[in-house]
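**Q**
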Amino acid sequence: MSSHLLPHFGDRVLFEITPAHVQGFLSDKSKTRIAWHTLRNMRNLLRSVLRTATEWGYIEDNPVARVKLPPKPRRTVTTYLLPQQVQKLITQMREPYRSMVLLAVLTGLRRGELFALRWGAVNFQKGSLDVRESV
């Protein structure tokens, strides 16, 4: 959360944070690839911090209390490729893309996890792959 909240609110004086600032922040973030649940968590964390500031007398009321989350996006229908479709797809691809797509299909790794993989994560003796990070 510090990578989102602190850059936006970290240098502001507490009493300068208004509901409009918070609403604008959440609205801007909702237009990025951030999940709605992450937005809710950011709002809740900021609300909790400012509630404490209110209780301790630093501000009179919590500006986040009047802020609404952007609407939760509707779920999209996920379609999956059949094994024959995967086979057809990978035969049309060149390396290294073929190997990356095949690894994704066989392991279920996400794109960021695939991009972060290094040879040190492969254990040929155990036949395992250690997913340590994501980008």
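Numbering (our numbering), first residue to last: 25 to 159.
For each residue, glycine too, the CB sits at the ideal point set by N, CA and C.
For residue 49, count neighbouring C-beta atoms within 10 Å of its own C-beta (all shown protein chains included) and say buried if the count is 16 or more, exposed if not.
**A** Start at 1 with the first residue of the sequence shown, and residue 49 comes out as number 25. Flag for residue 49 reads buried.
**Q** Relative to the alpha-carbon of residue 46, which residue among 121, 152, 63 and 133 has its alpha-carbon at the smallest distance?
**A** Taking the sequence shown and counting its residues from 1, the one referred to as residue 46 is at position 22. Taking only the C-alpha atoms, the option nearest residue 46 is 63.
**Q** According to DSSP, is residue 73 part of a helix, a strand, or is it coil?
**A** For this step, residue 73 is matched to residue 49 along the sequence shown. Looking at residue 73 - three-state DSSP - the assignment turns out to be helix.
**Q** So which of 53, 122 and 128 has the shortest CA-CA distance to residue 31?
**A** In the sequence shown, counting from the first residue as 1, residue 31 sits at position 7. Per the Cα distances, 53.
**Q** Give the secondary structure of residue 110 by DSSP, where H, G and I count as helix, E and B as strand, and everything else as coil.
**A** Taking the first residue of the sequence shown as position 1, residue 110 is located at position 86. If DSSP states are grouped into helix, strand and coil, residue 110 belongs with the helices.
**Q** So, helix, strand or coil for residue 91, using DSSP?
**A** As a working note, residue 91 is residue 67 in the sequence shown. Correct three-state label for residue 91: coil.
**Q** Quick check: residue 105 and residue 131, are their CB atoms within less than 8 Å of each other?
**A** Here residue 105 is taken as the residue at index 81 of the sequence shown, counted from 1. Here residue 131 is taken as the residue at index 107 of the sequence shown, counted from 1. Not closer than 8 Å, so no.
**Q** Give, in chain order, every unbroken run of the alpha helix (DSSP H) that is at least 4 residues long and sits entirely within the stretch 116-151.
**A** Those alpha helix (DSSP H) runs which fall completely within the stretch 116-151 and span 4+ residues are 121-131 and 135-140.
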